[in-house]
Structure formats: structure tokens, C-alpha cells
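Same order as they appear, the protein sequences are chains A and B. With the UniProt record's numbering applied, the first sequence covers 1 to 389. With the UniProt record's numbering applied, the second sequence covers 1 to 159. Beta carbons are placed, not taken as given, at the ideal position from N, Cα and C, and that holds for glycine.
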Amino acid sequence: MTGRTAGSGVAVVGLGETEYYRHGGSPHPEFRLVLDAVRAAAEDAGIDPREIDGYCSFSDDRNAPTRIATALGARDLALSTMQWGGGGGGGAAAVANAAAALAAGYARYVCVFRGLAQGQFGRFGTASTSPHAEWPSSYEAPYGVLSAAQLFAMRVRRFMHDHGVTQEPLRAIALASYHHAQQNPRAVMYGRPLTPELYDRSRWIVEPFHLFDCCQENDGAAAVILTTTNRARHLRQRPAILMAAAQGADPRQSAAAHNAPDYASANTRNVARRLYAMAGLGPRDIDVVQSYENFTGGVMMSLVEHGFCEPEECVEYMTLDNFSVGTGKCPLNTSGGNLAECYMHGLGLVVEAVRQIRGNSPNQVPDAETSMVCSGPMAELVSSLILRR
Amino acid sequence: MSEVDRRAGRYLPPGLPRPVPHREGLDREFWEGTRRHELRVQHCADCRGWQFGPEWICHRCHSADLCWERVEPRGRVFSWERCWHPVHEALAGFGPYLVVLVELPAADGVRLVGNLLGDPLQEVVIGAEVEAVFEDQPDGETLTQWRRTRANESIGDVG
Ligand SMILES: [Zn+2]
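Structure below.
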């Protein structure tokens with residue numbers, strides 16, 4: 001590895017996940033799921049959960065660190081940080097915020113967590129019931145542009161138009177997630193393979209997105225614990241060292257009424273540039289990628305902006321073979337991702353990226369040394385990270 | 001007869017969120033314009049740049065001297081989507097419907113979202129020329145919808 005000393009001197013040392021349930025299928029309320037995931041991550045790391053003194057989350061998580069620390073009887077709460085903006089685009093950013101706090105010495109063991117019980121709190125895929133729409137949604141919602149799929153589909157359509165892209169790359173991204181989920185008994189879609197025919201026959205949600213281009217809705221919680229590489233040496237697991245992380249946005253991506261200058265985009269150009277610069281790596285150095293599927297079209301544009309292929313090469317490069325562990329140059333979403341493992345707002349992708357470094361993924365890339373996560377393409381704020389052994 | 005007329009004066013069913021002007025006044029002139037069936041876009045008095053969606057200052061030169069310039073209500077389809085899955089109770093059993101993102105050449109290509117009137121299953125061509133159809137609402141601000149301009153019905157993909 002040519003990178004600077006791991007960017008931050010911080011590593012992921014603990015992973016915790018609850019069972020993943022279909023939407024509305026959790027027997028427990030959301031807060032209880034979070035406590036279970038945090039405790040599982042501490043157990044995995046080999047620390048007492050009371051030693052966790054920092055919490056970071058994203059996407060307006062409802063489970064406040066003060067409540068978690070209280071429920072756990074923690075001795076100290078030194079960090080309570082919410083990433084601002086971007087929904088699932090804030091996933092890698094929350095990890096970056098944890099790393100920054102650890103590097104600065106604000107906390108000793110920081111837990112990044114996300115809990116979702118959409119059965120308990122209502123679904124993402126349905127629109128707000130407000131009778132009024134005020135700037136900026138007054139320029140969209142009255143025209144029936146209400147859901148995330150409807151907000152993003154025109155970016156993907158324009159990208160496909162600009163670069164002569166057919167439906168095949170979107171289908172390949174969906175197939176890759178379902179393919180990998182068949183080796184992952186924890187995946188919600190385990191035992192439910194997807195075929196090209198099923199994909200083609202599935203109903204449109206909003207063109208160009210079929211049903212299988214859109215993420216699931218699930219209940220569950222996930223947590224990862226970070227600490228400094230010095231402390232990590234004394235813990236239970238092989239540390240996954242955070243080489244680099246970046247968050248942010250491209251110019252004027254939040255301009256109302258779809259006026260972002262670079263519209264046919266995942267909004268990840270600045271993030272990808274800073275990420276690789278910090279890591280001292282390029283796309284050819286990345287062994288395995290977890291790229292957040294809110295919608296497959298966002299994965300396609302994010303992969304392009306992270307340098308894996310040129311826009312005109314999407315159809316040729318983005319195939320099930322090339323995305324599959326064992327046959328592909330770009331193993332993608334190797335636990336089943338948001339589409340087929342679980343939609344834990346992308347934190348499950350961070351967990352899987354760490355498993356690839358530890359060597360215990362259900363679809364292990366042999367000798368994976370570098371592992372990338374790209375969170376929330378097309379959101380108004382996005383983030384990415386690179387882990388290494 | 002346009003699609004707006006066929007559906008009792010509106011393209012989409014009643015019950016969707018109704019646009020209201022920004023409570024701090026950011027876009028009052030825009031909605032006053034559409035009520036008069038005029039399209040108005042922010043224009044910087046200092047650097048002469050166009051800006052949309054509306055902001056309090058010009059993003060190019062930071063001038064607060066922004067005017068709402070009337071522009072010709074014609075544009076080109078920049079992107080589109082056909083919505084099938086109803087995500088709002090008002091849309092249950094309704095779809096599909098067409099959404100277009102329209103760029104306005106008269107205002108340096110700023111964009112507006114609207115519905116494309118006519119057959120919801122029609123082929124939509126990026127680059128096709130469209131003109132605004134102002135859709136008055138009985139209980140709120142006027143919407144800006146779009147229809148293909150007749151002279152360009154047969155024009156190919158120029159986007
Ligand atoms: Zn200006």
C-alpha cells in the first residue's frame with residue numbers, strides 16, 4: 001500500500017447486526033434493535049459496551065446517543081454526532097466523523113449505528129401527507145414527483161441518453177446483489193434468486209427503474225465500533241484500517257427544481273477525488289466495492305465517477321460476471337447489498353466491507369486488501385470510504 | 001382538447017400537495033407570475049446571470065439585486081420519467097403519468113419540472129420542443145405544465 005498512514009490512524013474493530021427483517025417484521029421496537037446491535041458490536045470487538053464513549057449516526061436517526069448511553073449504563077459519553085444531510089449518503093460520512101473524533105482524541109471507542117423499524121415509523125417509499133408544498137418541493141410535488149425514486153429517475157434517464165446506456169447495466173447491478181445474497185443466509189432475499197427474465201418482467205416503479213432496481217424496506221439495526229489503531233492491536237478482531245474517507249457534494253447539487261449543473265450525475269465527483277487523494281490509491285487498487293443501491297442507476301453513475309469505467313463503457317463493463325466474486329474484476333455488493341441483504345440505510349455495506357478485510361464474507365474476495373464503500377448516490381450529500389488490512 | 005381539459009382542468013388528480021409561496025417571500029414573484037400565466041425567472045441585475053430555483057442572492061456574484069424577468073414559456077425536454085407506482089393516496093389507480101424536466105433556452109437553460117400533457121404512454125424525446133400550459137388550480141397557485149409544440153412534432157432527438 002502506498003497510502004499515507006491510514007489517513008487517520010483509526011480502524012473498525014467491532015461489527016454488530018440484529019437479525020434483518022422484512023418491513024414491519026421486527027418483533028422489537030427500533031430502539032431495542034439499536035441496543036442489540038451496539039452490544040453485539042462490543043462483544044465482537046471484545047470490549048464492554050460501557051466503554052463506548054462516542055456515537056455517530058446519520059439520516060436523522062431517531063435513537064439519541066444520550067438515550068443509548070443511559071440504557072447501557074455507560075460511564076462517560078464524550079461524543080454525540082449526527083451527520084447533516086443526504087439520508088443514506090451520510091453513511092460513510094458518519095464513519096469519517098467517528099474517525100476524526102478519535103484522531104483528535106475526543107473519544108476512545110466510537111460506535112457508528114443505524115436503526116430502522118419502518119414498520120414502527122412508516123415507510124420511506126410513500127410520500128409526505130402534507131397538503132402543501134413549499135420551496136423547494138413546490139416545484140416538484142404538485143407534479144407528482146414525491147418519492148426518492150421519482151426524484152432520482154430523471155438523473156439516470158439523462159445519463160443513459162448522454163452516453164448511449166441501455167437497461168443492461170441497471171439489470172446487472174440488481175442481479176449481482178441477488179446473486180451474492182444466495183450465499184448469505186442472513187440476507188432477506190436468501191433463497192429467492194433473481195433471473196434476467198424476472199427482472200425484465202417486473203413492473204415499472206418509475207421508468208427507468210423496475211421494481212428490482214429499487215431498494216427494499218427493512219427493519220433491523222447495525223453498528224460498527226472504531227478506535228485508534230494503537231488500541232485496535234489489543235482487541236479481538238483483525239482491524240480494518242480506515243485509509244481514507246470523504247463526504248460532501250458537487251457544485252450546486254441542491255439547486256431546487258432539478259437545476260444542478262452536473263445533473264446526470266451521482267454527485268460523487270468531489271468525494272471520489274478527495275477519497276483517492278487521501279488514500280494515495282486509484283480505482284485499479286480497489287479489490288471489492290460496496291456501492292449503495294437506493295436505485296441501481298445511482299450505483300452505475302457512482303461507479304463511473306469513482307473511475308471504474310468510462311460512461312460510454314457502462315454496458316460493456318457492468319455485467320453480472322464482472323460484478324460477481326470469483327469471475328469479476330469489480331466484485332460488487334458482496335453480501336447482497338441494500339437490494340437483497342437488507343436495507344439498513346447502507347450501514348450494512350460498511351459491515352460487509354469490513355468482513356471482506358477480515359476474510360469472512362459470505363462471498364469472500366480472496367486476499368482482499370482494499371475494500372470500498374460508496375454511500376447514497378444522487379443524494380444531496382454523499383460519502384465514500386476505503387478500508388485496508 | 002388538451003389533457004388538462006379532459007381531466008376537469010387538471011392533469012393529475014386532486015389531493016396532491018398544493019404549491020404555496022415560500023413563507024419568507026423567496027419566490028412570491030414566481031407564483032404571482034404563473035397566476036397571470038407568465039413564466040418568471042430570477043435574473044441578476046449585476047452580472048446578468050439567470051438563476052433557478054430561486055435563492056436570496058446570486059450564486060455567481062452574490063448580488064442581492066435579483067429581478068424576476070419574464071421569459072418566453074417555451075423550452076426543450078432535458079429529461080423525463082414515466083411514473084407507474086402510486087406513492088400518494090391521491091394517485092391510487094391513476095397512473096401512469098409523465099413528468100418532464102424542461103430547460104428554458106431563453107434563460108440560459110434553467111430548468112423546471114412539470115407534466116407532459118397528452119398520452120401518458122407517448123414516446124418522450126429528449127430535446128423535443130415544448131411550450132408551457134398554465135394549469136389554474138381552484139384552491140391554490142397555478143401549475144406550469146408542458147405540451148409538445150406542433151411545429152416540432154416530427155423533429156428527432158436533438159438533445
Ligand atoms: Zn450575479
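- [ ] Just confirm the distance between the C-beta atoms of ALA187/A and GLY328/A, as a whole number of angstroms; I'd bet it's less than 8 Å.
- [x] Within the first sequence, numbered from 1, the residue matching residue 187/A stands at position 187. Within the first sequence, numbered from 1, the residue matching residue 328/A stands at position 328. About 19 Å separates the two Cβ atoms, so there is no contact after all.
Open item on the list: Looking at VAL71/B: is its Cβ nearer than 8 Å to the Cβ of ALA107/B?
Closed with: Translated into the one-based positions of the second sequence, residue 71/B becomes position 71. Translated into the one-based positions of the second sequence, residue 107/B becomes position 107. Contact flag set, yes.
Open item on the list: Taking a contact to mean a Cβ-Cβ separation below 8 Å, would you say LEU275/A touches VAL12/A in this structure?
Closed with: Your numbering for residue 275/A matches position 275 in the first sequence. Your numbering for residue 12/A matches position 12 in the first sequence. For LEU275/A and VAL12/A, no; Cβs fall outside 8 Å.
Task: chain B contact for residue 454/A (CB, 8 Å cutoff) - done: Outside the displayed range of chain A (1 to 389) lies residue 454/A, so it cannot be described from this structure.
Task: ILE68/A, buried or exposed, once every other Cβ within 10 Å from all chains shown has been counted against 16 - done: Along the first sequence, read from residue 1 onward, the residue named residue 68/A stands at position 68. Of the other Cβ atoms in all chains shown, 16 or more fall within 10 Å of the Cβ of ILE68/A; this residue is therefore buried.
TODO: Whole angstroms is fine: what's the gap from GLU103/B's alpha carbon to GLY164/A's?
DONE: Within the second sequence, numbered from 1, the residue matching residue 103/B stands at position 103. Within the first sequence, numbered from 1, the residue matching residue 164/A stands at position 164. C-alpha separation (whole angstroms): 21 Å.
- [ ] Note down, in chain order, every chain B residue with its Cβ under 7 Å from the Cβ of LEU146/A.
- [x] Looking up residue 146/A in the first sequence gives position 146. Result: VAL87, HIS88.
Open item on the list: ligand 1 and GLY53/B: does the residue's C-beta get closer than 7 Å to at least one heavy atom of that ligand?
Closed with: Position 53 of the second sequence, counting from 1, holds the residue named residue 53/B. In terms of side-chain proximity, the C-beta atom of GLY53/B is found no nearer than 7 Å to any non-hydrogen atom of ligand 1.
Open item on the list: Could you check whether the Cβ of GLU81/B sits closer than 8 Å to any Cβ belonging to chain A?
Closed with: As a position in the second sequence, residue 81/B is number 81, starting the count at 1. Yes - at least one Cβ of chain A is within 8 Å of the one on GLU81/B.
Open item on the list: Taking its Cβ as the centre, do 16 or more other Cβ atoms sit within 10 Å of PRO185/A, making it buried, or is it exposed?
Closed with: Taking the first residue of the first sequence as 1, we reach residue 185/A at position 185. It counts as exposed.
Task: Neighbourhood of ALA64/A by C-beta, 8 Å cutoff - its chain only, sequence neighbours within 5 removed - done: Here the question's residue 64/A lines up with position 64 in the first sequence. Answer for ALA64/A: SER80, listed in chain order.
Task: Completely contained beta strand (DSSP E) runs for the stretch 274-314 of chain A, where each covers 3 or more residues - done: 288-291
Task: Where GLN182/A falls: helix, strand or coil (DSSP) - done: Walking along the first sequence from the start, residue 182/A turns up at place 182. Three-state DSSP puts GLN182/A in coil, outside helix and strand.
Task: Cβ distance (whole Å) where GLU305/A is taken to contact ARG269/A below 8 Å - done: Numbered from 1 along the first sequence, position 305 holds the residue referred to as residue 305/A. Numbered from 1 along the first sequence, position 269 holds the residue referred to as residue 269/A. Confirmed, Cβ separation roughly 5 Å.
Task: Nearest-residue set for ligand 1, Cβ under 6 Å from any heavy atom - done: Counting only heavy atoms of ligand 1, the residues whose C-beta sits closer than 6 Å to one of them are, along the chain, CYS44/B, ASP46/B, CYS47/B, GLY49/B, CYS58/B, ARG60/B, CYS61/B, SER63/B.
Open item on the list: Going by C-alpha to C-alpha distance, which of MET154/A, ARG62/A, SER130/A sits closest to TRP80/B?
Closed with: On the second sequence, residue 80/B is found 80 positions in, with the first residue counted as 1. It is MET154/A whose Cα lies nearest to the Cα of TRP80/B.
Task: Residues in the stretch 13-41 of chain B having any Cβ partner in chain A nearer than 7 Å - done: LEU16, PRO17, ARG18, PRO19, VAL20, HIS22, ARG23, LEU26, ASP27
TODO: In the DSSP assignment, find the unbroken beta strand (DSSP E) run with MET243/A in it and report its ends.
DONE: As a first step, residue 243/A must be located in the first sequence, where it is residue number 243. Looking at the DSSP string, the run of the beta strand (DSSP E) that includes MET243/A is 240-248.
Open item on the list: Just to confirm before moving on: does the CB-CB distance between VAL124/B and VAL145/A stay below 8 Å?
Closed with: In the second sequence, the residue the question calls residue 124/B occupies position 124. In the first sequence, the residue the question calls residue 145/A occupies position 145. Their beta carbons are not under 8 Å apart, which means VAL124/B does not touch VAL145/A by this criterion.
Task: Neighbour list for GLN150/A in chain B, Cβ cutoff strictly below 8 Å - done: Position 150 of the first sequence holds residue 150/A. Those within 8 Å of GLN150/A in chain B are GLU81, CYS83, VAL87, VAL99.
Open item on the list: If distances are taken between C-alpha atoms only, which option among LEU151/A, GLY346/A, GLY220/A, SER291/A comes closest to PRO29/A?
Closed with: As a working mapping, residue 29/A is identified with position 29 in the first sequence. When only C-alpha atoms are compared, the closest one is GLY220/A.
Task: Reduced DSSP secondary structure (H/G/I, E/B, other) of THR34/B - done: The sequence position of residue 34/B within the second sequence is 34, counting from 1. Note: THR34/B maps to helix in three-state DSSP.
Task: Nearest-angstrom Cα separation, counted from ARG36/B out to PHE58/A - done: Numbered from its first residue, the first sequence carries residue 58/A at position 58. Numbered from its first residue, the second sequence carries residue 36/B at position 36. Straight-line Cα distance between these residues: approximately 43 Å.
Open item on the list: With H, G and I counted as helix, E and B as strand and the rest as coil, what does DSSP make of SER383/A?
Closed with: The residue you call residue 383/A lines up with position 383 of the first sequence. Note: SER383/A maps to strand in three-state DSSP.
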